[in-house]
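Read through the structure below, which is laid out as structure tokens, and then see the notes.
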Amino acid sequence: KRTQFPLKLYFVVT
Amino acid sequence: MFELRLVQGSLLKKVLESIKDLVNDANFDCSSTGFSLQAMDSSHVALVALLLRSEGFEHYRCDRNLTMGMNLANMAKMLKCAGNDDIITIKADDGTDTVTFMFESPSQDKISDFEMKLMDIDSEHLGIPEAEYEAIIRMPSAEFARICRDLSSIGDTVVISVTKEGVRFSARGDIGAANIVCRQNATVDKPEDATIIEMQEPVTLTFALRYMNSFTKATPLAEQVTISMSSDLPVVVEYKVAGMGYIRYYLAPKIEE
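Next up, the structure:
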């Protein structure tokens, strides 16, 4: 099974 | 007072067509540097970043930083009313909650005014660092769009794998499997037909094709597309906006659990 994590796990919320 | 005037109004029409299916409501940020937007899709795994620099406009006035919240489908409906050769002006007075789109025909014999209410949209803004990528593919945008469309008839995910041979796009589904390999091809007469692959490291990532197909709505904006990849990081799919800026799409990879 594959999941996509939300982008805020990769980029910092400013 | 905010006002921008774009002689090549068709660019703005194409920009809206490129983002309206991915994002419903978005904030346009107006500042002295330009007209920009950053917004995520409803599942927050895809993001679009638009930048149109102020010097790219025939006229650009921004007395103070302004955020205009808009429903992109409604904005697209209004921009559809502009002719492809029309000059488009966008203006908003300080303290008002409306934005005006003005379309002037080339011969100035027809002038249209469309006014739209602005919205209050609280969206979180992500800081996206300029990064070094393990692999960067530059290829004809129509080619990339064709590959995404073809593979989506086979499966709902695409595996993009960059090696020294080239870039391989793979998909599989109930009816079978498909592999499309594009090799580096720099020796073409027209530079926009070239496929250039810069690879620091081989990299393989898996993505949902429905987002990739949504990104390719920007194909009419640019002859070339740049796809930047690093292991376990979101891919960046970038279309330049002629002489003004870019549309960048980010998509989180599908990670094996």
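Protein sequence lines, in the order shown, are assigned to chains L and P. Taken in order, the first sequence gives residues 1 to 14; the numbers are from our numbering. Taken in order, the second sequence gives residues 15 to 271; the numbers are from our numbering. For glycine and all other residues, C-beta sits at the position ideal for the given N, C-alpha and C.
Can you tell me the Cβ-Cβ gap for residue i and residue j, rounded? I've got them flagged as a contact below 8 Å.
| i | j | result |
| --- | --- | --- |
| N2/P | M130/P | Nothing can be reported for residue 2/P, as the shown portion of chain P is limited to 15 through 271. |
| A40/P | M84/P | 7 Å |
| V62/P | I33/P | 5 Å |
Can you tell me which of the options puts its alpha carbon nearest to the alpha carbon of residue i?
| i | options | result |
| --- | --- | --- |
| S155/P | A40/P, S50/P, K254/P and L30/P | K254/P |
| R75/P | G109/P, M15/P, V62/P and Q52/P | M15/P |
| A236/P | E17/P, G23/P, V29/P and L20/P | V29/P |
| A185/P | S119/P, R67/P, E146/P and C162/P | C162/P |
| Y260/P | L18/P, Q52/P, V37/P and S46/P | Q52/P |
| F221/P | K268/P, S245/P and M213/P | K268/P |
| T11/P | M258/P, V172/P, G187/P and R19/P | Because chain P here runs from 15 to 271, residue 11/P falls outside it and cannot be looked at. |
| R197/P | A208/P, T230/P and N79/P | A208/P |
| F128/P | D107/P, T114/P, L140/P and E138/P | T114/P |
| L132/P | E212/P, C95/P, I104/P and H139/P | I104/P |
Using the DSSP secondary-structure output, state which residues sit across from residue i in a beta bridge.
| i | result |
| --- | --- |
| M153/P | V239/P |
| Q4/L | K268/P |
| L93/P | Paired residues: none, contrary to the question. |
| H73/P | R19/P |
| K204/P | Answer by DSSP bridge pairing: none, since K204/P is not bridged. |
| Y263/P | V62/P and V251/P |
| M82/P | F42/P |
Got a sec, what are the start and stop residues for the beta strand (DSSP E) residue i sits in?
| i | result |
| --- | --- |
| G180/P | G180 to G187 |
| L131/P | A small correction: the amino acid at residue 131/P is Lys; Leu does not occupy that position in the sequence shown. It spans I125 to K131 - the beta strand (DSSP E) in which K131/P sits, taken as one unbroken run. |
| F115/P | T112 to E118 |
| I104/P | I101 to A106 |
| L64/P | A60 to R67 |
| S175/P | T171 to T177 |
| S50/P | G48 to M54 |
Which residues bound the alpha helix (DSSP H) around residue i?
| i | result |
| --- | --- |
| R224/P | L223 to F229 |
| I33/P | G23 to I33 |
What does the Cβ neighbour count give for residue i, buried or exposed, with the cut at 16 atoms within 10 Å?
| i | result |
| --- | --- |
| D100/P | buried |
| L9/L | exposed |
| K1/L | exposed |
| P12/P | This structure does not reach residue 12/P, given that chain P is present from 15 up to 271, and the question cannot be answered. |
| T233/P | buried |
| E118/P | buried |
| R262/P | buried |
| I102/P | buried |
| G257/P | exposed |
| A281/P | Here chain P has residues from 15 to 271 only, and residue 281/P is not among them. |
| G48/P | buried |
| T230/P | buried |
| Q214/P | exposed |
| A96/P | buried |
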